[in-house]
Every structure is written in structure tokens, then in C-alpha cells.
Amino acid sequence: MDARNTSAKGEHAPALSAADADALDALVEAGFDPAAVAEAHRPRAERIATLLGLLNNAPIGRSGRLVEDTLAHALGLEPHLCADDAAALDAWLEAGGDAGRTPEPLRTRAERHGALAAAVCHCDTGKRDSLVDRTLALVQATIERDADSLDFERATGRRIRFADVASVAAVLLIGASVLWPVLSSVRDQARRIACAANLHGAANAMSGYASLNQNALPMVTASYGGGTWWNVGKGPDRSNSANLYTLAREKYLSLSSLACPGNPNAPTVPASPEDRDWRTLDEVSYSYRVISGPQTPRWGDSTRVLVMADRSPVVKRAVRGERVNPEASTPNHRGRGQHLLFNDGAVEWHTRPVLPNGDNIWLPRSLERVLHQLSGGRLTGRELPDGPDDAFVGP
Amino acid sequence: MDPRSDEKLVEAYRSGESDAFRTLIERHHDDLLRFLIRLTGDRAAADDVFQETFLQIHLSADSFDVDRRFRPWLFTIAANKARDHLRRKGRRQEMELSAPVGRAGGGDEFGGVQFVDLMEIDVPAPDAAADASERDRLVQRALDDLPLPLREILLLAYFQRLSYAQIADDLGIPLGTVKSRLHAAVAAFARKWKASQNGDDR
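Protein sequences, first through last, are from chains A and B.
So the first sequence is residues 1 to 395, counted in the working numbering.
So the second sequence is residues 1001 to 1202, counted in the working numbering.
Here you go:
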């Protein structure tokens, strides 16, 4: 939809200036409400709205909003309520859904809106069953699981006798050589399960954060950006990991949920309640989508994008000035693959750090291109994603 | 019945009164479940999302600002959870809530633009108990045909009866967009309903 096109034919046809055309677009976009138009376009939008209002007052039809209707029709905005129904809907909603409180001329139509709403809202929920109890049980199970993990930590080292240690040690020594490969695999599997649970927890936390922050992804400060995103612990407005740490700082989850069992350096409790970031790169278990201002996708966007992954194997080497291997997998799972969390809440295990569209998750697209052409290139920690479809996590 | 407001109950729950949480769930059980059944079009899915929603409320209770209203927060979380659920099931969202209206209803079998006039539509009668289940089914069918963002804003408006300003505030999108999107949603729903009445929706 571009009003400029309306004057494309015929040199002498009257044409809107580009600024007016943009303002008209913005006005239509805002449902003909100049107050809702962005400030840059508002003065012009108000003038256009006044003009439309003058035309509306002309005695040319039953509708008081003929111009808006016709314009909307011409622009292909469909489906469209007739003007009287639109006015009745506005009045009905402003009256808190009570048609009796709407102005007389609109009341009959407002009652019809009420009837439609009633039909939608009064569906049959079936027998009032145990949903309340099941919900409470789910919450209780979550509380107990959290408490159990704390108890387990407290219990270790208590009431253990020498005889227990000796017998366990004997069994372990005898069986170790036979069982070691199996145990190792089981341990890897257990770590992967715990790690996936962490990411599911992070998805819940992000969903909670999004609910309170206009669907935004966690961000440490609204003015974030422009620095070196891999400076973990060196200034909360600089490091990208501080954005992820926001979930723990604002208590959407506990820090232990952001500690992958495959990272021995990950803290499970904050060193200080004032902390706004992990203190060193080694402490970070998960790499987070590099946030880049207004282009940053939102939680639940229709476009599915990567939000978080097991920690990058590339950033630490790049910080040290070493050569990086963008095909390497995270060190969290012994290089066998990594978990990825997407903005629809899904957690997936990928054996390669590459998305189905060919996008490497450790690198911005600009660098991927350079690497492809030169088999070289160097990450500096200041790159930003090319756009919403450039998945790129760090540190 | 507990006379305390929802917000007070959240505060009480935060300070350890676990019964307050049950009261909150019971208080919103019927409305939220109906909202979710309508949004997901599936009773079992609505049950799951209902539980996930209150689990999220439990997890986020500490960060809830008690100066804000609880009910819009609850419904917004529920809508987010339902959206995630539908997406996991592969029913893709066709556009964003804040996107321009465009051809939201789609150039469909009706061919071209139509202005919906409610006076020309047989609106469903809520007290006609005899055919209530048939009416429910037809309403659900009309809703299922709407793109998810339109269904979402229609249901949020119908279930919450908030002013445009409040909806805009809760959803974090401009007031004008809420208005035009809701108009489009009601028009699309009314047209689908009319089509289902005439038996020509499929």
C-alpha cells in the first residue's frame, strides 16, 4: 500500500508529496486515529484527518464515516465493519460491554455485539472436573522438585560412615574398568537431559519476561548496544551475557538453571545479589542471541528464530586471538552437539551448529561470507546480526 | 468467598499463603478455560495450557507488580502459552498482532471486499438452551477459521471487556492498531458466523 502510486499515471494528475503520502499511509495504518500515528507523521496526519472529516460531514450518505469506509475499501482493508457497527463496537467496549450504557442510536447494534460476545464467551466447559486440583498438583510438584534438589545438596557429606565409603569404593574399583564406557555414556546422557531441562526452564522464564515486557527478549537495559558484546563481567551495558543474566537477576529463574552440568565453572548461586552478569567468560554456560536494537526479534514472533544455545566454542578462542572453527560444537557436551532454544519455546538437539537454512549459529552472516570466500576472517566481538534471520549467539 | 482482590491474593501467595493460589485458580477457572477452549479449539489443549499458565503465574509471582491488574496479566500469559502450544502443533501464526491489517481476512470465496452489517446477520441467541451445543460448535468453527492474531484480540476483548486504551496498554501496541485490528476481527468473525449459518462455510 503506497499512496504515492495513486498519482503514478498522468503527469498532470495532482500528487501528494512524499511526506504527505507517508503520513496518509501511517494514518490508515493507525485506523484513522491521528493520535496513534508516529510523532514524525502526526502533524500531517492530523491535517489529512481534518480534510477527511470535512468530507465526512458532507450530506452524501447514511454513514458518518463514508470517506474512511470508501478509502479503506479502495485500499483493500478487509473484512471491514460498516461504520455504524464500528461505532457501536467502540461504544460497547468503552461501556465495559454493557449495551445499556451505550448512546441510544447505537444501542441496537451494541446489543448485537453483546450477543456475539456472549455466544463466544459462553462455551461449554464440560463437567467441572479436577482441573484445579491437577493444576495445584503440578505447581506443588515443581515446588517439591526445587526443594528436593536443595535437600540433596545439603544431604551430601552427612551420615556417611567409613564402611559405606569402603564398600562403595570396592564395588566401583572392581567394576570401573568394565563399566566405565557405559557410565560415561550414561553420565553424558544425564547431563544432556539436565541441560535440556535448563533450557525448558529458560523458555518458561523468557515467556514470563515477555509477558511483562511487550514480548521483548531479556535485555539488561533499554539502551543496550554499541559495545563489545563478549566483555563478560566488565560492564553490564556492554556484555551480551548480561542480557541473559537479567532472567536470574529479576528472579524469573534461579542461576542454577543457567548452569549447564557440562560446564564445571558455572556458578549455581550469584556471588553477590548485586551482580548483573557472570564474572568471567568461563562461568557462562549458555550463549544468547546477540541483541541488536530495534531489529531484535521478539518472543513468540511468527518468524521462528534461535534465542539461546549451549555456550559457543568460538568466542573464547576469538577472545584469545586464536583461530576458530565455526563447525565445532559446544564444549558443554564433549563436542557431540548442542541444545538450541527457539523463540517459540522449543528446545532441540543439533549435532552441527548450523540451522536448516545454512546459518551458522556461532557467527554473524558477514563473517560467514568472509570465511567462505577466504577461509579466514576474525571475530572481534563487535559484530551485530545482519537482521532478524541471522541467528548468532555469544559469548 | 474470599473478598480480597486478585492482586492482594498474589501478594498473600508470595508471602507464603498457599491457599491464596487455589482461590486465584478457582476464581478464574471458568473464564480462563472458556477463553482457552475458544483460542485453541480443543478442550484437552485448553486443559494443558491452563495448567502451564498457572505454573507460569507461580514461577513469576515474585516479579508481578501488584499495582497492575492481575486478570489482564493472566490472560496475556495464557494467550502466549496458547500461541506457543499452537505453534508447536504446527498451526503457524499468519501475522503479528501489531502488523498492519492488510488483507487479514484474505480474499476468500466471497470475492472482494464486503462491509459487514450486523443488522443483516442472525446473531446467536445465548438463551436458546435447546441447541446450545450446536451453537457452540458453529461459533468454534467460525473462530477456528480466523487467523490466530485476529482470534486472539477478539477473545481478549470479549473476555476482558477492557477499553481500547487498556488493551493497548496490556498488549503494548498502539491504540489505533488495537482498534483497527479488533474491527477487522469482529467483521471477519461475523462474516464467518453468517457463512456458517447459511451452511456455506465449507
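Backbone N, C-alpha and C define an ideal beta-carbon position, used for all residues, glycine too.
All values derive from a computational prediction rather than experimental measurement.
- When beta bridges are read from the DSSP output, residue 310 of chain A appears opposite A:286.
- Among the residues of chain B, those whose CB is under 7 Å from the CB of residue 252 of chain A are 1060, 1063, following chain order.
- With 16 or more other Cβ atoms from the protein chains shown falling within 10 Å of its own Cβ, residue 360 of chain A counts as buried.
- Counting only runs of at least 3 residues, the region 319-354 of chain A fully encloses the following beta strand (DSSP E) elements, listed from N- to C-terminal order: 338-342, 347-350.
- Per the Cβ contact rule, the region 253-268 of chain A is not in contact with the region 1012-1028 of chain B (fewer than 3 Cβ pairs under 8 Å).
- Burial is judged here by how many other beta carbons sit within 10 angstroms of a residue's own beta carbon; residue 165 of chain A has fewer than 16 and is exposed.
- Residues of chain A with a Cβ closer than 9 Å to the Cβ of residue 1034 of chain B are, in chain order, 120, 121, 122, 123, 124, 125.
- Residues of the same chain with a CB within less than 8 Å of the CB of residue 1142 of chain B, apart from the 5 flanking positions on each side, are 1189, 1192, 1193, 1195, 1196, 1201 in chain order.
- Taking every protein chain shown into account, the CB of residue 325 of chain A has fewer than 16 other CB atoms within 10 angstroms, so this residue is exposed.
- Of the candidates A:110, A:81, A:39, A:18, the residue whose Cα lies closest to the Cα of residue 93 of chain A is A:110.
- Straight across, the Cα-Cα distance linking residue 1025 of chain B with residue 1084 of chain B is about 21 Å.
- For the region 1017-1047 of chain B, the set of positions with a beta-carbon nearer than 9 Å to some beta-carbon of chain A reads 1018, 1021, 1022, 1025, 1026, 1029, 1030, 1031, 1033, 1034, 1035, 1037, 1038, 1043, 1046, 1047 in chain order.
- Residue 1080 of chain B reaches chain A at 207, 210, 211, 300, counting residues in chain order whose Cβ is nearer than 7 Å.
- Residue 80 of chain A is bridged by DSSP to B:1115.
- Bridge pairing for residue 394 of chain A: A:288 [DSSP].
- If you draw a straight line from the Cα of residue 310 of chain A to the Cα of residue 364 of chain A, it comes to about 17 Å.
- It is roughly 7 Å from the alpha-carbon of residue 323 of chain A to the alpha-carbon of residue 317 of chain A.
- In the structure shown, residue 360 of chain A adopts extended strand secondary structure according to DSSP, grouped into three states.
- Under the Cβ criterion (8 Å, minimum of three pairs), the region 300-309 of chain A does not count as touching the region 266-282 of chain A.
- Interface flag for residue 22 of chain A against chain B is unset, since no Cβ pair is found closer than 8 Å.
- Residues of chain A whose Cβ lies closer than 7 Å to the Cβ of residue 1158 of chain B are, in chain order, 117, 120, 121.
- When the beta-carbon positions are compared, residue 81 of chain A and residue 1139 of chain B stay at least 8 Å from each other.
- Identification of chain A residues near residue 1186 of chain B by a Cβ-Cβ cut-off of 8 Å yields 81, 85, 89, 113, 116, ordered along the chain.
- In the three-state reduction of the DSSP assignment, residue 215 of chain A falls in the coil class.
- Proximity to residue 212 of chain A across B:1198, B:1078, B:1035, B:1159 peaks at B:1078, based on C-alpha coordinates.
- Residue contact with chain A for residue 1072 of chain B: absent (no Cβ-Cβ distance below 8 Å to any residue of chain A).
- Looking at the backbone, the Cα of residue 1010 of chain B and that of residue 83 of chain A are separated by about 42 Å.
- Residue 208 of chain A places its beta carbon less than 8 Å from that of residue 1060 of chain B.
- Counting along the chain, residue 274 of chain A sits inside no alpha helix (DSSP H), nor does DSSP assign it H or E at all.
- Annotation: the continuous alpha helix (DSSP H) that includes residue 1040 of chain B extends over 1019-1040.
- Burial state of residue 1173 of chain B is buried, judged by a 10 Å Cβ sphere holding 16 or more other Cβ atoms.
- Between the alpha carbons of residue 17 of chain A and residue 28 of chain A lies a distance of about 17 Å.
- In the displayed model, residue 178 of chain A falls within a helix according to three-state DSSP.
- Interface annotation for the region 181-195 of chain A against chain B: empty, criterion Cβ-Cβ distance under 8 Å.
- Between the C-alpha atoms of residue 1179 of chain B and residue 1164 of chain B there is a straight-line separation of about 7 Å.
- Per DSSP, the unbroken alpha helix (DSSP H) holding residue 1059 of chain B starts and ends at 1043-1060.
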